[in-house]
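Student: Here you go, one structure.
Chains as they are written, first to last, in our numbering: chain A, 1 to 235; chain B, 1001 to 1235.
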């Protein structure tokens, strides 16, 4: 069976957390919205076409049987079906809550450039974006990343222990994204995150991830996604 | 077995979505942080005391075996163990993604009074809060609530069909909270949400929910939680 992934075609965005898991799983999939007419197909499903369970927003994954939406939910599904998650109930709940912490963190990363709401342009909210970004790097990024740093120190080499799971792929992407968007600020914080950086290297070296990153499937970072490089916000 | 719920003792906040599910399930639980020394106990667990799986933040639920955190994750757990969720994989994934949409909506509601970040006071971000709140009521609230309105019209009387699940309890709480925080704005939007209002009434009338709402367990709304009534933001 070939999965169908639906996400905005020109950005990594939230979809990238799913693409990385699909790559590591070696799962076959079509990135539907990146082919002709794909965005219209995506919007039709959101509008309820062909399903009584329309997702609220991309990304979502069609599995043959289900339309699964929300990154953490898709990863929970893929984790269970492709060996990227523990098999016990306790292990699965633990891993899922770690991913939900990433979800919250991603929302806060997005809000650094969109503090006044997702429907206004960055250019219309620059002063607020500066204040929110300062606060983010003072209080929030150290707290979120420090949490995972501690777990890695306790459990390593991967966040939940000996085996890679989907949370490790997401943490890799967070490091990539923060390095892209805030090279100066991230460089300073990285001094306190040796375990996380080691994990980043470990994930980058996995053959399937490496091949994916070098392929055309990997969309370069740009100023439309979650991670945006704005000089004014990086100091 | 008696659950232990850990959440801030003086607010409904995110914990209230869990309290409502515990009430409807008729589950026995202690609201630990509301008794003497409870907040310290909560912070100790977050600090890693007695668990190798420390949650990032409240709310979290200690079952006999696990520490489960994040509202949507806790509800998924309770739903499965107390008949507040479907039994099939597809049904569970669908319900969970609806709850994750509520999670996103709750974060945006919080941001109406905290657009510059959760670590600053509202009083230090009033102009930004006004702009974000306007945007929220123009674009976001109609989109989120309209989504659930459509699902109710399609599936009713409950969001996923004939049976109440945990998402219905959360939607009840959203209506309660938005009515408290933004009485004028919500009143106008309610004209377009007849199904959601009917659901709100249906949930409020359920014997266990009704008893819970009338009890001292239900903390009144106030200006410390997610839903805050600030005159300046309601027009």
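The beta carbon of each residue, even a glycine, is placed where N, CA and C say it ideally should be.
Are any of the Cβ atoms in chain A nearer than 9 Å to that of residue 1147 of chain B?
Tutor: Residue 1147 of chain B counts as touching chain A.
Student: Looking only at DSSP bridge pairs, what is residue 1031 of chain B linked to?
Tutor: Residue 1031 of chain B pairs with B:1005.
Student: Using only alpha-carbon positions, find the residue among B:1083, B:1095, B:1127, B:1106 that is nearest to residue 1016 of chain B.
Tutor: It is B:1106.
Student: In whole angstroms, what is the alpha-carbon distance linking residue 108 of chain A and residue 228 of chain A?
Tutor: If I take the Cα positions, the gap works out to 13 Å.
Student: For residue 1156 of chain B, which of helix, strand or coil comes out of DSSP?
Tutor: Residue 1156 of chain B: coil per DSSP, three-state reduction.
Student: Taking only three categories from DSSP, how would you classify residue 1164 of chain B?
Tutor: Looking at residue 1164 of chain B - three-state DSSP - the assignment turns out to be coil, as it is neither helix nor strand.
Student: Three or more beta-carbon pairs under 8 Å between the stretch 1166-1177 of chain B and the stretch 1129-1140 of chain B, yes or no?
Tutor: No, the stretch 1166-1177 of chain B is not in contact with the stretch 1129-1140 of chain B.
Student: List the residues of chain A whose Cβ lies closer than 8 Å to the Cβ of residue 1222 of chain B, in chain order.
Tutor: Result: empty, since nearest Cβ-Cβ is about 23 Å, beyond 8 Å.
Student: In chain B, which residues lie with their C-beta within 7 Å of the C-beta of residue 217 of chain A?
Tutor: Within 7 Å Cβ-Cβ: nothing; residue 217 of chain A doesn't reach chain B, min ~25 Å.
Student: How big is the Cα-Cα spacing for residue 1127 of chain B and residue 223 of chain A?
Tutor: Near 26 Å, if we compare the C-alpha coordinates of residue 223 of chain A and residue 1127 of chain B.
Student: Helix, strand or coil for residue 1061 of chain B? Go by DSSP, reduced to three states.
Tutor: Of the three classes helix, strand and coil, the one that applies to residue 1061 of chain B here is strand, per DSSP.
Student: Taking 9 Å as the threshold (beta carbon to beta carbon), is residue 15 of chain A in contact with chain B?
Tutor: It does not: the Cβ of residue 15 of chain A has no partner Cβ on chain B nearer than 9 Å.
Student: Compare the C-beta of residue 94 of chain A against all C-beta atoms of chain B and say whether one is closer than 9 Å.
Tutor: Judged by the 9 Å Cβ criterion, residue 94 of chain A is in contact with chain B.
Student: Can you confirm whether residue 1070 of chain B, when its beta carbon is compared against all beta carbons of chain A, has any partner nearer than 9 Å?
Tutor: Closer than 9 Å to some Cβ of chain A, the Cβ of residue 1070 of chain B qualifies, so yes.
Student: Have a look at residue 67 of chain A and residue 39 of chain A and give me their C-alpha separation to the nearest angstrom.
Tutor: The straight-line gap from Cα to Cα measures roughly 16 Å.
Student: Quick one: what does DSSP say residue 1069 of chain B is sitting in, helix, strand or coil?
Tutor: If DSSP states are grouped into helix, strand and coil, residue 1069 of chain B belongs with the strands.
Student: Can the beta-carbon of residue 46 of chain A be found less than 9 Å from the beta-carbon of residue 59 of chain A?
Tutor: No, the pair does not count as a contact, with Cβ atoms beyond the cut-off.
Student: Tell me which same chain residues have a C-beta within less than 7 Å of the C-beta of residue 1041 of chain B, skipping the five on either side of it?
Tutor: So the list reads 1032, once near-sequence residues are dropped.
Student: Could you give the distance in angstroms between the alpha-carbon of residue 268 of chain A and the alpha-carbon of residue 64 of chain A?
Tutor: Here chain A has residues from 1 to 235 only, and residue 268 of chain A is not among them.
Student: What do you get for residue 1001 of chain B, buried or exposed, if any count of 16 or more other CB atoms within 10 angstroms of its CB means buried?
Tutor: Its Cβ having fewer than 16 others within 10 Å, residue 1001 of chain B is exposed.
Student: What does the alpha-carbon distance come out to for the pair residue 1030 of chain B and residue 1022 of chain B?
Tutor: Computed Cα separation, rounded: 10 Å.
Student: Please classify residue 1111 of chain B: is it buried, with 16 or more other beta-carbons within 10 angstroms of its beta-carbon, or exposed?
Tutor: By the neighbour-count rule (16 or more Cβ atoms within 10 Å), residue 1111 of chain B is buried.
Student: Starting from the beta carbon of residue 1004 of chain B, find every residue of chain A whose beta carbon is closer than 8 Å, and list them in chain order.
Tutor: Simply none; closest approach about 16 Å.
Student: Judging by CA-CA distance, which residue of A:200, A:104, A:124 is the nearest neighbour of residue 1118 of chain B?
Tutor: Among A:200, A:104, A:124, the Cα nearest to that of residue 1118 of chain B belongs to A:104.
Student: According to a CB-to-CB cut-off of less than 7 Å, which residues of the stretch 1112-1135 of chain B neighbour chain A?
Tutor: Result list: 1115, 1116, 1117, 1119, 1120, 1128, 1131, 1132, 1135.
Student: Strictly below 9 Å CB to CB, what residues from chain A border residue 1055 of chain B?
Tutor: Per Cβ cutoff of 9 Å: 97, 101.
Student: Report yes or no: do three or more beta-carbon pairs, one from the stretch 1187-1196 of chain B and one from the stretch 1142-1159 of chain B, lie closer than 8 Å?
Tutor: These segments touch.
Student: Looking at the secondary structure, which residues open and close the alpha helix (DSSP H) in which residue 1040 of chain B lies?
Tutor: That run of the alpha helix (DSSP H) goes 1038-1046.
Student: In angstroms with no decimal places, state the Cα-to-Cα distance between residue 1081 of chain B and residue 134 of chain A.
Tutor: Each residue's alpha carbon lies about 43 Å from the other.
Student: Of the choices B:1121, B:1077, B:1071, B:1090, whose alpha-carbon is the least far from that of residue 1102 of chain B?
Tutor: Looking at the Cα atoms, B:1071 is the closest of the given residues.
Student: Given a limit of 7 Å on CB to CB distance, which residues of the stretch 1191-1213 of chain B reach chain A?
Tutor: So the list is empty, because no residue satisfies the distance condition.
Student: Are residue 233 of chain A and residue 114 of chain A closer than 9 Å when you measure CB to CB?
Tutor: Result no, Cβ atoms of residue 233 of chain A and residue 114 of chain A do not sit closer than 9 Å.
Student: Return no unless some Cβ of chain B is closer than 9 Å to the Cβ of residue 38 of chain A.
Tutor: No, no contact with chain B.
Student: Three-state secondary structure (DSSP) at residue 1200 of chain B?
Tutor: Helix.
Student: Figure out for me which residue from B:1176, B:1213, B:1180 has the closest Cα to the Cα of residue 1198 of chain B.
Tutor: The residue with the shortest Cα to Cα distance from residue 1198 of chain B is B:1176.
Student: Figure out for me which residue from A:19, A:73, A:77, A:156 has the closest Cα to the Cα of residue 1052 of chain B.
Tutor: Closest by alpha carbon: A:156.
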